[in-house]
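Presented below is the structure to which this report refers.
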Amino acid sequence: MRVLILTSRAGTAHQNAANALVSWFGIQVPHVDVTVLFHEDTCAYNSDATNLYNWIQKKAPWLHKIYWRILETEDFTKPGTVLIGRGHFVEVLRRCLPDLLISTHPHTNRGHFDLAKRVVGPQLRCIVCCTEVDGGFGFTRNWVTRTADGFWAITEPVAAELRKRLFPEQRIAVLGPLLQQPFHAGGAAPLTLPGLPLLVLGSGANGSGNHLDLLEQLLPWGGQLEVVALCGHRKDLQNAVQHWAESHPGLAVTALDFQGPEAMAALYRRCWAMVSRPGARTATEALLLGCPLIFHHLGGCMPQELLALRYFRERGLATSIQRACDLAAVVGGWLADPARYQLLRLRYRQCALQADPERVMKYLLHG
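Have a look at this one:
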């Protein structure tokens, strides 16, 4: 069997979803041939658009309120086909001749599936792998294409959104998430954690720019908690955090570079809480393993981030900060009232996402 996965380097969730699929396809018997095509590799325009997306995400998230609305008009550039990056996409299709086409990104669905079926043939099975956890405002219309043979949703609210948009019910499959194998092995995080509370300052692969501001707010709790600052691929940020930690020895801080799936799964399982933007991937991982999140909206909130925030609020899981100084109140409150924190941790366990990798693979391989 031959599989082509379409994905993007925009943000973190889409590429991680593709990586997880590659990992799980790699252990299938009989052998599955997998090719991954990044949206950015099809042409310079798509690469520049993703670079702009990632720059906005790091520097000025509020700008996504404009950028996101512009991208909602994408249909004008791909009316039932692909115009931008078409040549490279067709070349990959002809070389791979896939039996199954999976898209993990909203901008590789509409037009792409239409063109792929014309190039490869109508027998090509096209599946949307949606990384979002909720519907409503922020759920881009680009996820939904009538030419999809199946839509894999990880939560029921996403399926409900599809029904509102009149996507055929018989093509919707609510299967839960498929993460890298270490996230599914070992179970959820324990309800009671040993040792000092470990607070993780999260970061996508692009690296967060708010760690130093947040660390300043944690100084009053030196000796009462430990901190791990994830810095992604940004060596400059890791060096800055290490220098800050050396200058403030009263607070135990460890700066880590990009962590692989095994290390991240282990970190979630011993983490007291993680500070993160309300991105889809972090939300999914935390919901699967039962790790409380503190969503930060420093620099504003992107429309697509409202989805995770809405999902968490509706289940009594949401904790958010608008400014760096708000972190002090959240951490101080939980440390002063551990019973309240434990109730929140229990709530995460009760609202955990259900995952069944074998069921997902059976759906993808056999329908």
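If you count the sequence shown from 1, position 11 lands on 837 in my numbering, and the numbers rise without skipping. Yeah, the Cβ is synthetic: ideal placement off N, Cα and C, and Gly gets one too.
Review point. Is it true that the CB of residue 1045 sits closer than 9 Å to the CB of residue 1027?
Key: no
**Study point:** Cβ contact check for the segment 964-976 and the segment 995-1012: 3 or more pairs under 8 Å
**Key:** yes
Review point. Would you call the segment 1112-1119 and the segment 927-942 touching, i.e. three or more CB-CB distances under 8 Å?
Key: no
Review point. Of all the options 1191, 1100 and 945, which has the alpha carbon lying nearest to the alpha carbon of residue 1053?
Key: 1100
Exercise for review: Would you check if the segment 1142-1157 and the segment 1117-1130 touch, i.e. whether three or more CB-CB distances between them fall below 8 Å?
Suggested key: In short, these stretches touch, since the Cβ pair count reaches three.
Exercise for review: Tell whether a beta-carbon distance below 9 Å holds between residue 960 and residue 987.
Suggested key: In this structure, the beta-carbon distance from residue 960 to residue 987 falls below 9 Å.
Review point. How many Å lie between residue 1038 and residue 1079 at the Cα?
Key: 11 Å
Exercise for review: For residue 901, name the three-state secondary structure that DSSP assigns.
Suggested key: helix
Exercise for review: Can you grab the Cα-Cα spacing for the pair residue 854 / residue 1059, in whole Å?
Suggested key: 31 Å
**Study point:** Where the beta strand (DSSP E) containing residue 951 begins and where it ends
**Key:** Taken as a continuous stretch (DSSP letters only), the beta strand (DSSP E) holding residue 951 covers 951-955.
Check your understanding: If you scan the segment 1068-1114 from start to end, which runs of the alpha helix (DSSP H) of 4 or more residues do you find wholly inside it?
Key -> 1087-1096
Point to revise | Environment of residue 929 [buried if 16+ CB atoms lie within 10 Å] | key: buried
Practice item. Determine the DSSP secondary structure at residue 857, reduced to helix, strand or coil. Key: coil
Practice item. Give the DSSP bridge partners of residue 828, in chain order. Key: In DSSP, residue 828 forms a bridge with 859.
**Study point:** the segment 938-948 touching the segment 1151-1167, judged by at least three CB pairs closer than 8 Å
**Key:** no
Review point. Hey, quick one: how far does the beta strand (DSSP E) through residue 958 stretch, first residue to last?
Key: Neither: residue 958 is in no beta strand (DSSP E) and is coded neither H nor E.
Practice item. Give the DSSP bridge partners of residue 966, in chain order. Key: Beta-bridge pairing links residue 966 to no other residue.
Point to revise | 7 Å Cβ shell around residue 967 - same chain, five flanking residues per side excluded | key: A distance below 7 Å between beta-carbons, with the five flanking residues on each side excluded, links residue 967 to the following residues of its chain, in chain order: 898.
Review point. Among 1092, 1131, 1095 and 1127, which has the Cα closest to the Cα of residue 1199?
Key: Limits of the chain in this structure are 827 at one end and 1193 at the other, which puts residue 1199 out of reach.
Check your understanding: Straight-line CA distance for residue 951 to residue 1186?
Key -> Cα atoms of residue 951 and residue 1186: separation of roughly 15 Å, rounded to the nearest angstrom.
Review point. Is the number of C-beta pairs between the segment 829-842 and the segment 874-892 that are closer than 8 Å three or more?
Key: yes
Check your understanding: Is the segment 1164-1175 in contact with the segment 1082-1092, if contact means three or more CB pairs nearer than 8 Å?
Key -> no
**Study point:** Exposure of residue 1097, with buried meaning 16 or more beta-carbon neighbours within 10 Å
**Key:** buried
Review point. Taking the beta strand (DSSP E) that residue 865 falls in, what are its first and last residues?
Key: Segment: none, residue 865 is in no beta strand (DSSP E) and carries neither H nor E.
Review point. Roughly how many angstroms lie between the CA atoms of residue 1011 and residue 863, to the nearest whole one?
Key: Linking residue 1011 to residue 863 through their CA atoms gives a straight-line distance of about 28 Å.
Exercise for review: Could you tell me the boundaries of the beta strand (DSSP E) in which residue 1122 lies?
Suggested key: 1119-1122
Exercise for review: Write down the C-beta distance between residue 1116 and residue 1014 rounded to the nearest angstrom, noting that I regard them as a contact closer than 8 Å.
Suggested key: So it is a contact: roughly 4 Å between Cβ atoms.
Review point. For residue 788, which residues from the same chain have a beta carbon less than 7 Å from its beta carbon, with the 5 sequence-adjacent residues on both sides left out?
Key: The question about residue 788 has no answer, for the chain in this structure spans 827 to 1193.
Check your understanding: Would you call residue 805 buried or exposed, if buried means 16 or more other Cβ atoms sit within 10 Å of its Cβ?
Key -> With the chain represented from 827 up to 1193, any question about residue 805 goes unanswered, as that position is not in the structure.
Practice item. Starting from residue 993, trace the alpha helix (DSSP H) both ways and give me its first and last residue. Key: Where residue 993 is concerned, there is no enclosing alpha helix (DSSP H), given that its DSSP letter is neither H nor E.
Check your understanding: What residues are listed by DSSP as bridge partners for residue 976?
Key -> 953
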